[in-house]
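Q:
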Amino acid sequence: MNFAEYSITHKVISWMFALLLLVGGTISFFSLGQLEFPEFTIKQAMVVTAYPGASPEQVEEEVTLPLEDALQQLDGIKHITSVNSAGLSQIEIEIKDNYGAEELPQVWDEVRRKINDKAVELPPGVMAPKVIDDFGDVYGILLNVSGEGYSDRELQNYADFLRRELVLVDGIKKVTIAGIVNEQVVVEISQQKLNALGLDQNYIYGLINSQNVVSNAGSMLVGDNRIRIHPTGEFNNVSQMERLVISPPGSAKLIYLGDIAKIYKDTEESPESIYHADGKQALSIGIAFSSGVNVVKVGEAVNARMAELNSELPIGMSLDTVYDQSKMVDQTVNGFLVNLAESIAIVIGVLLIFMGVRSGLLMGLVLLLTILGTFVVMNVLNIELQIISLGALIIALGMLVDNAIVVTEGILIGIKRGQTRLETAKQVISQTQWPLLGATIIAIIAFAPIGLSDNSTGEFCASLFQVLLISLFISWITAMTLTPFFCNLMFKDGAVSEEENDDPYKGWLFGLYRQTLNLAMRFRVVTLLLVISALISSVFGFAHVKNVFFPASNTPMFFVDVWMPEGSDIKATERLLSRIETDLMAQQQAEDIGLVNLTTVVGQGAQRFVLSYVPEKGYKAYGQLLLEMTDLKTLNQYMRVLERELSLKYPEAQYRFKYMENGPSPAAKIEARFYGEDPQVLRQLAAQAEAVLKAEPTAVGVRHNWRNQVTLVRPQLALAQARETGISKQDLDNALLTNFSGQQVGTYRENSHLLPIIARAPAEERLDAQSIWKLQIWSSENNTFVPVTQVVSDFTTEWEDPLIMRRDRKRVISVLADPINGTDETADSVFRKIKADIEAISLPAGYELEWGGEYETSLEAQESVFSSIPLGYLAMFLITVLLFNSVRQPLVIWFTVPLSLIGVVSGLLLFDAPFSFMALLGLLSLTGMIIKNGIVLVDQINLELSQGKQAYQAVVDSAVSRVRPVLMAAITTMLGMIPLLSDAFFGSMAITIIFGLGFASVLTLIVLPVTYTLAFRIPYPRKQTA
0 MNFAEYSITH KVISWMFALL LLVGGTISFF SLGQLEFPEF TIKQAMVVTA
50 YPGASPEQVE EEVTLPLEDA LQQLDGIKHI TSVNSAGLSQ IEIEIKDNYG
100 AEELPQVWDE VRRKINDKAV ELPPGVMAPK VIDDFGDVYG ILLNVSGEGY
150 SDRELQNYAD FLRRELVLVD GIKKVTIAGI VNEQVVVEIS QQKLNALGLD
200 QNYIYGLINS QNVVSNAGSM LVGDNRIRIH PTGEFNNVSQ MERLVISPPG
250 SAKLIYLGDI AKIYKDTEES PESIYHADGK QALSIGIAFS SGVNVVKVGE
300 AVNARMAELN SELPIGMSLD TVYDQSKMVD QTVNGFLVNL AESIAIVIGV
350 LLIFMGVRSG LLMGLVLLLT ILGTFVVMNV LNIELQIISL GALIIALGML
400 VDNAIVVTEG ILIGIKRGQT RLETAKQVIS QTQWPLLGAT IIAIIAFAPI
450 GLSDNSTGEF CASLFQVLLI SLFISWITAM TLTPFFCNLM FKDGAVSEEE
500 NDDPYKGWLF GLYRQTLNLA MRFRVVTLLL VISALISSVF GFAHVKNVFF
550 PASNTPMFFV DVWMPEGSDI KATERLLSRI ETDLMAQQQA EDIGLVNLTT
600 VVGQGAQRFV LSYVPEKGYK AYGQLLLEMT DLKTLNQYMR VLERELSLKY
650 PEAQYRFKYM ENGPSPAAKI EARFYGEDPQ VLRQLAAQAE AVLKAEPTAV
700 GVRHNWRNQV TLVRPQLALA QARETGISKQ DLDNALLTNF SGQQVGTYRE
750 NSHLLPIIAR APAEERLDAQ SIWKLQIWSS ENNTFVPVTQ VVSDFTTEWE
800 DPLIMRRDRK RVISVLADPI NGTDETADSV FRKIKADIEA ISLPAGYELE
850 WGGEYETSLE AQESVFSSIP LGYLAMFLIT VLLFNSVRQP LVIWFTVPLS
900 LIGVVSGLLL FDAPFSFMAL LGLLSLTGMI IKNGIVLVDQ INLELSQGKQ
950 AYQAVVDSAV SRVRPVLMAA ITTMLGMIPL LSDAFFGSMA ITIIFGLGFA
1000 SVLTLIVLPV TYTLAFRIPY PRKQTA
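Heads up, the sequence shown is in numbering that gives the first Met the number 0, so the first residue is 0 and it goes up one at a time.
What follows is the structure, encoded as structure tokens:
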């Protein structure tokens, strides 16, 4: 008993199956999680190690190199990159692509063990290394807390309150606060007063520290009670510190700390990061969702809780949303659901027009049940609704009715020939079940390179393959079972419907096709030469197609990276950005430039709020502006204006303007890496590469990542004089540290806050560079101050590299650039222009050049996909061989596959669309679609031949009989892609499939019969009766 017979004779089971798909799919749809983009694992971690006082070279040699050696012993390390700056080592670890999310916790534990084992061997003075393994956490909701007249502590208190409340919302993983500028207690002691009184500053610092420690005074037993003892004397406020007695033991004078020092609370001078919201001091609150939740529902719960807490918001304080992933998800998913509904309507409309009302309604019903069945399996496998999975459904729509079209067409023809519904259904299913299964498997395998790719891009697009696999396989099941069942219900024996012609192959379309096919097969050599010429032309035309990796996002937000000269103080960087903010806010008020939200981060990048955003590491000379605009058109217009204005008005900084990305976001679109040991040689090579890029007008933002050299002051310690006066190098270091930067001498407790007590010189001494010559150093051996000029012979200045970059245990300097915005230039087009000139740079022995940027990320993604193509194509070819028990017939089918390139190139050039990574996947997927059409046609030829028909006539009749299924399959797929044409992410893929499949299907109906007759030496008859 075959599928058709079983489904028709077991009506209850068939109805239950249909009802299960209908109800189960509907319930599953509303149960599916929702995301904007699919989750994928950021396989990176950071190891941050402080080495106060060390130069970048010392950090590199004494900290980074030993830690890199330890990390290199781990299995699974893909890349180790590091930034070495004065007093700080930042090592980034990237794990190989074949490690899954469930394996990473174990990897990070092993990283910690290696780092901890090596930490005990690091030099004295090196702080404990910190492993940050939540580097890839995404904060889907980003808020700014700001308020005029509020202190940093008041902003922090409210942010802490919000954090405690919001983390309790179900579905929230964690809530973090960024941009906190820590408070400190400052003790300013004038050097002159210390000299006059002859007081040892180290003695004073010791008193401050010992007076405010928490120590155990024990307890006493009184009767049966144990009573704790806790003496007074701790500092409860700043005024108590002023009354601290600092007179030396035995001194007749009573000296208080307040007599010689100014004591007050202040914020730290050089914070790690500073946030502004619309030009005002702010804190950033990042809210991360738990994995697998419905982001829309959790986002609604968060917003509802924030509305409840709104009464707690202090007057004059603002809580603004920078980014809300739940709203973006809701907007994106709803938009794609509309696209999906439009595509379904288009496909059903096409079926109704070309297949008749009953046939169209039947296949439309089967299509809906197939989609609902896909939702059921997606729910079981925890595949969320997001841009990739919904896009996969739209891509699959046309293919989902292919099998049903073939089955319905066969049943219609059988009924017209006088067979009963049951007989013809049994016959059609028996003839087509295995060819259609093979064709479906081939169509699935065509998408397999996406699912088998193990890099981050493959993981990102994995749901595309998963959803296509599920939906196409379900479409075969429904075609074999529900389609004959519904045909039996809707059609009648002997008369399908009034609108159907008795002879389906006598219409004008079939007649025109028959004549065209006969003409092509009569001049088959000329036909093939014309087609091959078109194919060759398309290959050459492909060179004129723009090439991008991933297109920019549709989100109306862009970033401006601002780099001050290296060595700039973070407050100087903040002042520049504040001036830019003032200009932007003034323009918005004066002429409404479309600015919705302005967030500024100084010292590092913002919290990661989308997967494609890569926060910049910590640099005092760096800042970033995040500008949200009303729409993309306004964004594009103003972005170009702002790019010109900033360069002219604030030339002291470098700027990089960038859109939000849909895919990986490298440090720059174009990157040339030079490896070597000598910093001077590396800088010379970088200068030559920069000269090439600056000479290219389409390249902007040319720079290198070692930045400018900075000034270093080197006090020349006279060792003999220092020894005579009892001054050590550490005494000199401490005196310099206290006088200029400030030295922590204790901790001040204020409720739950622990504030460092910082001792430093008054501003008039600290901010005067000349005061270094007047510095006095306390000699503990002689109990007196010694002028610095007695122990330092001179203060010299030198140039040093502030940043030393390393990659895979070698020094590396990267030259960076981007294509100019607002033009048709892409990273690929600029790269092609400069590649040869940079590769022509003469490299000394031991130095290497490597290309990074978009070229590298694109190449890695393509290599990952192409690595699985040979095996996939071999499997597809073997399936066609097994289906036909022949080699020549599969070769005839495969000969038509490259024809899709003619349409692909034509479509991309016509729409001026780029060939993106998604377009590449679309091109690969065309293989399965074209082979599927070829299988259907060749299988029909075999059937006609088995019935004793003359070979040439069998080829022609088979081709004519397959015109409607092949064209219907192509048209439904092509028209179903129309809603994706305007989508930034899927647009190039839609063009690739529409034009590639369209051209290939039409040509297949001509070229495949022509090739078949040549391969099997079927002559053109002298007298052809059409």
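The beta-carbon is built from N, C-alpha and C at its ideal position, and this holds for glycine as well.
With which residues is F794 paired in a DSSP beta bridge?
A: As a working mapping, residue 794 is identified with position 795 in the sequence shown. Per DSSP, P714.
Q: Taking the C-alpha atoms as reference points, what is the distance between G124 and E67?
A: Within the sequence shown, the letter at position 125 stands for residue 124. Within the sequence shown, the letter at position 68 stands for residue 67. Answer to the nearest angstrom: the Cα atoms are 19 angstroms apart.
Q: Sort V547, V130, I382 by Cα distance to V292 and report the nearest one.
A: Residue numbering aside, residue 292 sits at position 293 when the sequence shown is read from its first letter. Considering only alpha carbons, the answer is I382.
Q: Ignore the nearest five residues each way along the sequence and tell me which others in D938's own chain have a CB closer than 6 angstroms to its CB.
A: Working through the sequence shown from its first residue, we reach residue 938 at position 939. P434, listed in sequence order.
Q: Following the continuous beta strand (DSSP E) through L87, name the residue where it begins and the one where it ends.
A: Position 88 of the sequence shown holds residue 87. From DSSP, the beta strand (DSSP E) with L87 extends over 87–94.
Q: Buried or exposed: where does W772 fall if 16 or more other Cβ atoms within 10 Å of its Cβ makes it buried?
A: Position 773 of the sequence shown, counting from 1, holds the residue named residue 772. Exposed, by the Cβ-count rule.
Q: Please return the same chain residues whose Cβ sits closer than 7 angstroms to the Cβ of N546, not counting the five positions on each side in sequence.
A: For the purposes of this step, residue 546 is taken as the residue at position 547 of the sequence shown. Closer than 7 angstroms at Cβ, skipping near neighbours: T825, D827, P913, F914.
Q: If we cut at 9 angstroms on Cβ distances, does M556 have a partner in chain B?
A: As a matter of chain content, chain B is missing from the structure shown, which is built from one protein chain.
Q: Might you give, ordered along the chain, the residues of its own chain that have their beta carbon closer than 6 angstroms to the beta carbon of G52, omitting 5 neighbours on each side?
A: Your numbering for residue 52 matches position 53 in the sequence shown. There are no such residues.
Q: So, for V82: in the same chain, excluding its five sequence neighbours on each side, which residues have a beta-carbon less than 7 angstroms away from its beta-carbon?
A: Here residue 82 refers to the residue found at position 83 of the sequence shown. Within the same chain, V82 has close Cβ partners Q89, K616, L802, M804.
Q: For P663, which residues of its own chain have a beta-carbon under 6 angstroms away from its beta-carbon, when the five flanking residues on both sides are left out?
A: Walking along the sequence shown from the start, residue 663 turns up at place 664. Answer for P663: T856, listed in chain order.
Q: Under three-state DSSP, which class holds K570?
A: The sequence position of residue 570 within the sequence shown is 571, counting from 1. Looking at K570 - three-state DSSP - the assignment turns out to be helix.
Q: Quick one: complete beta strand (DSSP E) runs, 3+ long, within the segment 306–394?
A: Those beta strand (DSSP E) runs which fall completely within the segment 306–394 and span 3+ residues are 316–323.
Q: When burial is assigned at 16 or more other CB atoms within 10 Å of the CB, is G845 buried or exposed?
A: In the sequence shown, residue 845 corresponds to position 846, counting from 1. When all chains shown are included, G845 counts as exposed.
Q: Apart from the five residues just before and just after I345, which ones in its own chain have a Cβ nearer than 7 angstroms to its Cβ?
A: One-based indexing of the sequence shown puts residue 345 at position 346. Cβ neighbours of I345 beyond the five flanking positions: L974, G975, I977.
Q: Could you give the distance in angstroms between the alpha-carbon of H275 and the alpha-carbon of T599?
A: By 1-based counting over the sequence shown, the position of residue 275 is 276. By 1-based counting over the sequence shown, the position of residue 599 is 600. Rounded to the nearest angstrom, the two C-alpha atoms are 5 angstroms apart.
Q: Under 8 angstroms: does the beta carbon of L802 sit that close to some heavy atom of the ligand ADP?
A: No copy of the ligand ADP occurs in the structure displayed, which carries no ligand at all.
Q: How long is the line joining the alpha carbons of D836 and S885, rounded to whole angstroms?
A: Taking the first residue of the sequence shown as position 1, residue 836 is located at position 837. Taking the first residue of the sequence shown as position 1, residue 885 is located at position 886. Approximately 52 angstroms, taken between the alpha carbons.
Q: Let me check one thing: in DSSP terms, what residues is M219 bridge-paired to?
A: The residue you call residue 219 lines up with position 220 of the sequence shown. M219 pairs with I226.
Q: Would you kindly work out how many angstroms separate the C-alpha atoms of R242 and V295, rounded to a whole number?
A: Reading the sequence shown from its first residue, position 243 is the one you call residue 242. Reading the sequence shown from its first residue, position 296 is the one you call residue 295. Using only the alpha carbons, I get a separation of about 58 angstroms.
Q: Under 7 angstroms Cβ to Cβ from A17, same chain only, skipping five residues before and after it: list those, please.
A: Start at 1 with the first residue of the sequence shown, and residue 17 comes out as number 18. Hits under 7 angstroms: L368, L481.
Q: Who does D560 pair with in a DSSP beta bridge?
A: Here residue 560 is taken as the residue at index 561 of the sequence shown, counted from 1. BP columns for D560 point to Q623, R655.
Q: How about L142 and D329: are their beta carbons less than 9 angstroms apart?
A: Within the sequence shown, the letter at position 143 stands for residue 142. Within the sequence shown, the letter at position 330 stands for residue 329. Taking 9 angstroms as the Cβ cut-off, L142 and D329 do not qualify as a contacting pair.
Q: Could you give the distance in angstroms between the alpha-carbon of L610 and the alpha-carbon of V559?
A: Mapped onto the sequence shown, residue 610 falls at position 611. Mapped onto the sequence shown, residue 559 falls at position 560. When rounded, the distance between both Cα atoms is 18 angstroms.
Q: Considering Cα atoms alone, identify which of N224, V237, A216 is closest to T231.
A: Counting from one through the sequence shown, the residue named residue 231 turns up at place 232. When each option's Cα is compared against that of T231, the closest is A216.
Q: Rounded C-beta distance between G21 and L371? I'm assuming under 8 angstroms.
A: As a first step, residue 21 is located in the sequence shown; it is residue number 22 there, counting from the start. As a first step, residue 371 is located in the sequence shown; it is residue number 372 there, counting from the start. Checking the sequence shown, residue 21 turns out to be Leu, not Gly. Yes, they are in contact, since the Cβ atoms of L21 and L371 sit about 6 angstroms apart, within 8 angstroms.
Q: In whole angstroms, what is the alpha-carbon distance linking L1007 and V962?
A: On the sequence shown, position 1008 is the one that residue 1007 refers to. On the sequence shown, position 963 is the one that residue 962 refers to. Using only the alpha carbons, I get a separation of about 12 angstroms.
Q: Using the Cα positions of C486 and V525, report the straight-line distance between them to the nearest angstrom.
A: Taking the sequence shown and counting its residues from 1, the one referred to as residue 486 is at position 487. Taking the sequence shown and counting its residues from 1, the one referred to as residue 525 is at position 526. Whole-angstrom Cα-Cα distance: 43 angstroms.
Q: Output the distance between the C-alpha atoms of A685 and V811, rounded to the nearest integer angstrom.
A: In the sequence shown, counting from the first residue as 1, residue 685 sits at position 686. In the sequence shown, counting from the first residue as 1, residue 811 sits at position 812. Computed Cα separation, rounded: 10 angstroms.
Q: Rounded to whole angstroms, how far is the Cβ of T175 from the Cβ of Q606, which I believe are closer than 8 angstroms?
A: Indexing the sequence shown from 1 puts residue 175 at position 176. Indexing the sequence shown from 1 puts residue 606 at position 607. The pair is a contact, with the Cβ atoms about 7 angstroms apart (cut-off 8 angstroms).
Q: What did DSSP end up calling H1087 once you bin it into helix, strand or coil?
A: Limits of the chain in this structure are 0 at one end and 1025 at the other, which puts residue 1087 out of reach.
Q: Per the contact definition of three or more C-beta pairs closer than 8 angstroms, is the segment 694–705 in contact with the segment 735–755?
A: In short, these stretches do not touch, since the Cβ pair count stays below three.
Q: Which word fits S537, buried or exposed, when buried means at least 16 other C-beta atoms lie within 10 angstroms of its C-beta?
A: Here residue 537 refers to the residue found at position 538 of the sequence shown. Its Cβ being crowded by 16 or more others within 10 Å, S537 is buried.
Q: Taking I352 as the reference, which of K129, Q430, P696, T971 has the closest Cα?
A: Mapped onto the sequence shown, residue 352 falls at position 353. Residue T971 is the option with its Cα nearest to I352.
Q: Would E763 be called buried (16 or more neighbouring beta carbons within 10 Å of its own) or exposed?
A: Residue mapping note: residue 763 aligns to position 764 of the sequence shown, counting from 1. Exposed, because fewer than 16 other Cβ atoms sit within 10 Å of the Cβ of E763.
Q: Please report the straight-line C-alpha distance between E676 and V180, rounded to a whole angstrom.
A: Mapped onto the sequence shown, residue 676 falls at position 677. Mapped onto the sequence shown, residue 180 falls at position 181. Taking the straight line from one Cα to the other gives about 38 angstroms.
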